[in-house]
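Heads up: the structure comes next, in structure tokens.
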Amino acid sequence: MKKMMCMLCLLWAAVATAQEKYTINGHIKDLSSGEELLGATILVKELSTGTTTNLYGFYSLTLPKGDYTLVYSFVGYQPITQSVALYQDIKSNIELPPGSTLLTEFEVTGEAKDENVQSVEMSTINMKMETIKKIPSLMGEVDVIKAIQMLPGVQTVGEGNSGFYVRGGGVDQNLILLDEAPVYNASHLLGFFSVFNSDALKDVQLYKGGIPAEYGGRLSSVLDIRMKDGNSKRFAATGGLGTVSSRLTLEGPIEKDKSSFIVSGRRTYADVFLKLAKDTNLRQNKLYFYDLNAKANFTLNDNNKLYLSSYFGRDVFAFSDQFRMSWGNATGTLRWNHIYNKKLFSNLTLLYSDYDYYLGDLSGADAFGWTSRIRDYSMKMDFNSFPNPNNTVKYGLQSTYHVFDPGIVTAESSEAIFNDFKIPQNKSLEHAIYISNEQRITPRLSAIYGIRASVFQNIGKTTYYRYDSNYNAYDTVNVEAGKVFNVDQGLEPRLGMKYSLTEEKSIKLSYNRMVQYIHLASNSTSASPLDIWFPSSPNVAPQLGDQIALGYFQNFNNNTYEFSVEGYYKKMSNQIDFKDHAELLLNSQLEGELRFGEGYAYGMEFFLKRREGRFTGWLSYTLARAERKIKEINNGEVYPTKYDKTHDISLVMSYTLNKRWDFSANWVFSTGSAVTMPTGRFEFQGVIVPVYSDRNAARLPAYHRMDISATLKNKQKEGKKWKGEWVFSVYNAYMRKNAFQINFRQDENDPTITHAEKLYLFSIVPAVTYNFKF
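My numbering puts the first residue of the sequence shown at 14, with every later residue one more than the last.
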């Protein structure tokens, strides 16, 4: 018996020893600037396992005690290999050197990257700012949103516009975040440029499907943009002088290696040249935009870090002293990163977002000023738990207070003949909790699964209307301040699975349900600054979207080439469209103009990318349909949405000739937008009345365009800190006159003849930009 007890004790000791584990954690940063690297990879060679850094550059690995070889890597950086004797918990902060500092001119060394094949995520693309800056752009303005329009499943809303559609969803179904704060209108100059200054940005992540549980509130996509933290090593400046704007970015340490700042500004100067015009009326016109990004971060100690970031931007257009229009965004983010222990990381975030616009007719008895606004005040608490190398758990809660001011009209002249008018303000609360786990089930099979629960509450003080079956208001309801008068809620499951066929091949499956509680009133082809955001209510149910996607991923030639094909199907309920001739502006009974039904989107996306060598770039092709079925529209028959485009092709190419010259080009093609056009006419009491087609039954001509650019870098001298480059670009190089709109008018001499006139915005647009840094 004693021998048996001794053997059991020895066996227990052996098992306990075998199960003894320790943790290595820390942050991964850029050696040259101290910027934290998001999504950097840590590979344990002996176990063929590993992890990645989170959105704040933090990682944690728990392994059985022993000796290991860890490889730290990130795209565009030189990998670092570290031998670790893991017999106690270890904190290891790593700084990766940029690849260009250690590589020969065109040689690529280090381990190949296969994240696109091995990660569980699908329908997700991370774009590096170096790649975005190489893409030829309109008037030389580097634009994040125009870059993502080159990706499969992402379509432009029109010529030169910075709005975008994702997999059959509307503009309002994209959640756009800047340092976690929502941006409600991401366009400058009526959509020709986006509000994102590329010099201030670090990371751009687009989710088209398989959206993680921590994100919610929109049906189609999440565009998560992160600002730079600022150089914590040394002072640096970056800037540029362009055709339409100039920009300047300053960054540096507040206390070296412990805190840093970045300030980045940009402004156009068309209004400066207007003052030189011979016409005195033109001198009083205004047309410009500006934006300012600012951020600071402070390392309090090994376990605590604070970030404070903000964005301010505005557009102004004025015609003499008669007309004025302006709009702008303001955001603020305060974040506290805290490491509770070796396996638990948290982030507490306070957010503010404000979007407003103004439209004014400033002269005469009809002089008025119209203001609209939406504000968000949010709190988020997110946790990352790293129990072992096979599981990464995320969970948290979020709460947002929305304030909607749909419209306030005031008299702008003492001669005005009308009284001030205000559409009732709407307030609401949106809450969510979520949990998800990314699990490595077997060496070949991995999954990420989770669920999000959301609640939306309308609160007073406000006024709303009750409508009959014909959408006519028959009763007015006044709600007292602070009272909750409507509640909507939803469960949003998320699932993603990856099965590795080989080291270079995998298949992936994803499903997500999304719920959207706030909506955009717009019956134009693209997003306009004057569009109106409004909440779900007793009359407007939240939009629901279910998407399933299946994909095949493969890399070739030692990961030099990556290829993927994805098929998806999305069904959406409570979709919103507008009755014919709807009145959206300054309408206190806007909900009576809405019609509700179902939406369907399905398609195939093909993507081929060359990522290394002198010649890089990608080819994407999307075959897709986007349709709706609403009882009161198109006689209840299915009709294509205005952003239904059957074919969409993008070809992006970059070529490095030598140390000084880089060349880039892109070519895009897409099916023309769906529109409603007159197909006939009849005469009634001497008046010619047009007869229109079914809803969106006609098409604009196919859209295609080529852009080219060349970059000439200054000669580099030993010890010279100033670096400069000239960028020469041509937008629409072969002068394609793409249709922006088709108008129909009667012949002045013969009313029985109708002419179709094509309106286009651009022919060829050359641009020159000088960029510098020191």
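Using N, Cα and C, we set each Cβ at its ideal position, and we do this for glycine too.
Could you work out which residue in E128, N210 and A199 is closest to K241 when comparing CA atoms only?
Mapped onto the sequence shown, residue 241 falls at position 228. Of the candidates E128, N210 and A199, the one whose C-alpha sits nearest the C-alpha of K241 is N210.
Below-8 Å beta-carbon distance, E596 vs any chain C residue:
The structure shown has no chain C; it contains just one protein chain.
DSSP beta-bridge partners for H351?
Along the sequence shown, one-based indexing puts residue 351 at 338. Under DSSP, H351 forms a beta bridge with N317 and S359.
Look up G649 in the DSSP assignment and say whether it is helix, strand or coil.
Reading the sequence shown from its first residue, position 636 is the one you call residue 649. Correct three-state label for G649: helix.
By DSSP, does N306 sit in helix, in strand, or in coil?
The residue labelled residue 306 in the question sits at position 293 within the sequence shown. In the three-state reduction of the DSSP assignment, N306 falls in the strand class.
What number of angstroms, rounded off, separates the C-alpha of W674 from the C-alpha of G265?
For this step, residue 674 is matched to residue 661 along the sequence shown. For this step, residue 265 is matched to residue 252 along the sequence shown. Computed Cα separation, rounded: 29 Å.
From which residue to which residue does the alpha helix (DSSP H) around K147 run?
Stepping through the sequence shown from its first residue, residue 147 is reached at position 134. Where K147 is concerned, the enclosing alpha helix (DSSP H) starts and stops at M142 to K147.
Using alpha carbons as the reference points, say which of A639, N298, H40 and V578 lies closest to G182.
Here residue 182 refers to the residue found at position 169 when the sequence shown is read from its first residue. For the residues A639, N298, H40 and V578, the minimum Cα distance to G182 belongs to A639.
With DSSP as the reference, label L151 as helix, strand or coil.
Counted from its first residue, the sequence shown places residue 151 at position 138. Of the three classes helix, strand and coil, the one that applies to L151 here is helix, per DSSP.
Which residue from A445, A746 and K728 puts its Cα closest to that of E227?
In the sequence shown, residue 227 corresponds to position 214, counting from 1. Ranking A445, A746 and K728 by CA distance to the CA of E227 puts A445 first.
Below 8 Å on the Cβ atoms is my guess for G176 versus S200; work out the distance and round it to an integer in Å.
By 1-based counting over the sequence shown, the position of residue 176 is 163. By 1-based counting over the sequence shown, the position of residue 200 is 187. Right, their Cβ atoms sit about 7 Å apart.
Residues that V57 bridges to, as DSSP identifies them
Your numbering for residue 57 matches position 44 in the sequence shown. Looking at the DSSP assignment, V57 forms a beta bridge with T62 and L83.
Less than 8 Å separating the beta-carbons of G153 and V781?
The residue you call residue 153 lines up with position 140 of the sequence shown. The residue you call residue 781 lines up with position 768 of the sequence shown. Cβ atoms of G153 and V781: closer than 8 Å.
6 Å Cβ shell around K642 - same chain, five flanking residues per side excluded:
Start at 1 with the first residue of the sequence shown, and residue 642 comes out as number 629. Only G610, E611 and V651 meet the Cβ criterion.
Express the C-alpha separation of L188 and Q218 in angstroms, rounding to a whole number.
What you label residue 218 is simply residue 205 of the sequence shown in a count that begins at 1. What you label residue 188 is simply residue 175 of the sequence shown in a count that begins at 1. Straight-line Cα distance between these residues: approximately 12 Å.
Closest Cα partner of T384 within the set L83, W340, N709 and T144
For the purposes of this step, residue 384 is taken as the residue at position 371 of the sequence shown. Just measuring C-alpha positions, the residue of L83, W340, N709 and T144 sitting nearest T384 is W340.
Unbroken stretches of the beta strand (DSSP E), 3 residues or longer, contained in the region 221-259
Correct list: 234-240 and 249-254.
Reducing DSSP to helix, strand and coil, say where G420 ends up.
Counted from its first residue, the sequence shown places residue 420 at position 407. Correct three-state label for G420: strand.
In the structure shown, what three-state DSSP assignment does I766 receive?
In the sequence shown, residue 766 corresponds to position 753, counting from 1. Coil at I766, not helix or strand.
Simplified DSSP assignment, three categories, for K159:
Looking up residue 159 in the sequence shown gives position 146. If DSSP states are grouped into helix, strand and coil, K159 belongs with the helices.
Taking the runs of the beta strand (DSSP E) that are 3 residues or longer, which of them lie wholly in the region 552-607?
With a minimum length of 3 residues, the continuous beta strand (DSSP E) runs that stay inside the region 552-607 are 556-569 and 574-591.
Ranges of the beta strand (DSSP E) found wholly within the region 409-495, counting only runs of at least 3:
Annotation note: the region 409-495 contains the following uninterrupted beta strand (DSSP E) runs of length 3 or greater, listed N- to C-terminal: 439-453, 458-472, 475-480 and 486-492.
In chain order, what residues of the same chain have a beta carbon less than 8 Å from the beta carbon of G495, not counting five sequence neighbours either side?
As a working note, residue 495 is residue 482 in the sequence shown. The residues are I472, G473 and K474.
Can you tell me whether D488 is buried or exposed, with buried defined as 16 or more other CB within 10 angstroms of its CB?
As a first step, residue 488 must be located in the sequence shown, where it is residue number 475. Around the beta carbon of D488, a 10 Å sphere encloses fewer than 16 other beta carbons of the protein chains shown; the residue is thus reported as exposed.
Are there 16 or more other CB atoms within 10 angstroms of the CB of F569, so buried, or fewer, so exposed?
The residue given as residue 569 occupies position 556 in the sequence shown. F569 comes out exposed.
Quick test of your reading: P419 and F547, contact by CB under 8 Å. State the CB separation rounded to the nearest angstrom.
Here residue 419 corresponds to residue number 406 of the sequence shown, with the count starting at 1. Here residue 547 corresponds to residue number 534 of the sequence shown, with the count starting at 1. The pair is a contact, with the Cβ atoms about 6 Å apart (cut-off 8 Å).
Beta-carbon gap between T344 and S323 smaller than 8 Å:
Your numbering for residue 344 matches position 331 in the sequence shown. Your numbering for residue 323 matches position 310 in the sequence shown. Yes. Within cutoff.
Starting from V528, trace the alpha helix (DSSP H) both ways and give me its first and last residue.
As a working mapping, residue 528 is identified with position 515 in the sequence shown. Taken as a continuous stretch (DSSP letters only), V528 belongs to no alpha helix (DSSP H), being part of the beta strand (DSSP E) at K518 to Q529.
I'd like to know whether the C-beta atoms of K655 and S686 end up nearer to each other than 8 Å.
For the purposes of this step, residue 655 is identified with residue 642 of the sequence shown, where counting begins at 1. For the purposes of this step, residue 686 is identified with residue 673 of the sequence shown, where counting begins at 1. Yes, the pair counts as a contact, with Cβ atoms nearer than the cut-off.
Is the CB-CB distance between E604 and N552 below 8 Å?
By 1-based counting over the sequence shown, the position of residue 604 is 591. By 1-based counting over the sequence shown, the position of residue 552 is 539. In contact: E604 and N552 (Cβ atoms closer than 8 Å).
Starting from G630, follow its DSSP beta bridges and name the residues at the other end.
Looking up residue 630 in the sequence shown gives position 617. Per DSSP, R623 and M666.
For E143, which option in E579, D374 and L214 has the closest C-alpha, if you only look at C-alpha atoms?
Taking the sequence shown and counting its residues from 1, the one referred to as residue 143 is at position 130. When each option's Cα is compared against that of E143, the closest is L214.
In DSSP terms, what Y13 is bridged to
Given a span of 14 to 787 for the chain in the structure shown, any question on residue 13 remains unanswerable.
Sort out for me which residues DSSP pairs L364 with in a bridge.
Counted from its first residue, the sequence shown places residue 364 at position 351. In DSSP, L364 forms a bridge with T346 and S391.
Taking DSSP as the reference, what is the three-state secondary structure of F775?
Start at 1 with the first residue of the sequence shown, and residue 775 comes out as number 762. In this structure, DSSP gives F775 a state outside helix and strand, which the three-state scheme calls coil.
By DSSP, does E128 sit in helix, in strand, or in coil?
Counted from its first residue, the sequence shown places residue 128 at position 115. E128 falls in the helix class under three-state DSSP.
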